[in-house]
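Take a look at the structure below.
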Ligand code: UFG
């Protein structure tokens, strides 16, 4: 059945893959995006309204006219080290703007919400893999700003019977559309896989590895890399769950195993065929040593079945995307 979904940040990396999946599933989509990091061409389905979440009047008008059954909220700043340097930007864009959105939703009587949360809410987990019961203890403003929104959502769902949400805690999202139509397109790439591929492409002379003295097997940080299309399918399952009357809940999104920075470098060299240079440097501020998801709950409660649990596929789709970009 066609359902109307409002997607904030639908012109961005993850949002655009979810818009694509919503379109393929036959939903009617409206993207609300200020295009600060997103791109008009990335919206493969439905209408795009250029607007900012700080602009309540535009948001209210769009919400009133479109009358979505649910809102999916991707629009946010996402760079951990930047959040350490510019915390207010993160509390403004990620916390205060989410409040604006929830306020306008309440005014317009829209009560289903899917929130892009993050593994960064766990900080440095005491055991790996980490499940949803683990305490929230973020170690950077990016994680804190997202954890605050989760708290707001818990309080709101408790206070109001007509409001239900799913928060999805993303681990390290990577890869691109299998047909290379969309992918990561940030002006300043900071993520490991994208940086490695840009180095292979010759856009920089070396890849820096931030820290080789972590308490991990090879001394570099471990992350759980999840393909963006598998993450998109988790959103569609969360949407169905909420529309069927599911209770508010939180789910980890990752595959349940991690790769070190050095392992990612090896795969990137193999996939690209380029033996690009690597420089080992100091640790980067705000990086936990290891983050790996226990995603049993997502698989059990929502029936999530990942299709691309394969680092080679992740890197290959990202490489195909990266190679054909200007
Ligand atoms: N890294 C390098 N060199 C680089 C870039 C990254 O060594 O050029 C290292 C980082 O230090 C880290 C790992 O590679 O150890 C992954 O770093 P990313 O920047 O790719 O990703 P993060 O783990 O910092 O953050 C990502 C998302 C967040 C999310 C987090 C959850 O950006 O939104 O994953 O795990 F919260």
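Numbering (my numbering), first residue to last: 1 to 326.
Using N, Cα and C, we set each Cβ at its ideal position, and we do this for glycine too.
Classify residue i as helix, strand or coil using the three-state DSSP reduction.
i: residue 14; result: helix
i: residue 201; result: coil
i: residue 260; result: strand
i: residue 164; result: strand
i: residue 117; result: strand
i: residue 323; result: helix
i: residue 293; result: strand
i: residue 302; result: helix
i: residue 8; result: strand
i: residue 312; result: helix
i: residue 278; result: strand
i: residue 196; result: helix
i: residue 159; result: helix
i: residue 174; result: strand
i: residue 3; result: coil
i: residue 272; result: helix
i: residue 286; result: coil
i: residue 137; result: coil
i: residue 143; result: helix
i: residue 190; result: coil
If I'm right that residue i touches residue j with Cβ under 8 angstroms, what's the distance once you round it to whole angstroms?
i: residue 294; j: residue 129; result: 4 angstroms
i: residue 28; j: residue 2; result: 5 angstroms
i: residue 31; j: residue 54; result: Their Cβ separation, rounded to whole angstroms, is 17 angstroms, which puts residue 31 and residue 54 out of contact at 8 angstroms.
i: residue 195; j: residue 119; result: So it is not a contact: roughly 19 angstroms between Cβ atoms.
i: residue 235; j: residue 18; result: 5 angstroms
i: residue 149; j: residue 171; result: Contact flag wrong, Cβ pair sits at about 18 angstroms.
i: residue 231; j: residue 14; result: 6 angstroms
i: residue 228; j: residue 173; result: 5 angstroms
i: residue 338; j: residue 198; result: Residue numbering for the chain in the displayed model covers 1 to 326; residue 338 lies beyond these limits and cannot be assessed.
i: residue 186; j: residue 37; result: 6 angstroms
What does residue i pair with, by DSSP beta-bridge criteria?
i: residue 20; result: Paired residue(s): none; residue 20 is not in a bridge.
i: residue 154; result: BP columns for residue 154 are empty, so no partner.
i: residue 252; result: 169
i: residue 185; result: According to DSSP, which records beta bridges pairwise, residue 185 is partnered with nothing at all.
i: residue 130; result: 293
Would you call the segment 141-158 in contact with the segment 91-108, where contact means no fewer than 3 C-beta pairs closer than 8 angstroms?
yes
Taking the runs of the alpha helix (DSSP H) that are 4 residues or longer, which of them lie wholly in the segment 205-249?
228-243
In chain order, which continuous runs of the beta strand (DSSP E) of length 3 or greater are located wholly inside the segment 24-112?
Within the segment 24-112, the complete beta strand (DSSP E) runs of at least 3 residues are 28-33, 47-50, 70-73.
With a cut-off of 8 angstroms, do at least 3 Cβ pairs link the segment 222-229 to the segment 137-150?
no
I want to know whether the segment 311-319 touches the segment 238-245 - three or more CB-CB distances under 8 angstroms.
no
Just checking, does the segment 58-78 make contact with the segment 90-99 on the three C-beta pairs under 8 angstroms criterion?
yes
Do the segment 174-191 and the segment 116-135 touch if we need at least three Cβ pairs shorter than 8 angstroms?
Output reads no: the segment 116-135 does not touch the segment 174-191.
Does the segment 182-198 come within contact of the segment 247-256, defined as at least 3 CB pairs closer than 8 angstroms?
no
Say whether the segment 278-288 touches the segment 208-222, bearing in mind that this needs 3 or more beta-carbon pairs closer than 8 angstroms, one atom from each stretch.
yes
Examine the Cβ distances between the segment 264-273 and the segment 294-304 and report whether three or more of them are shorter than 8 angstroms.
no
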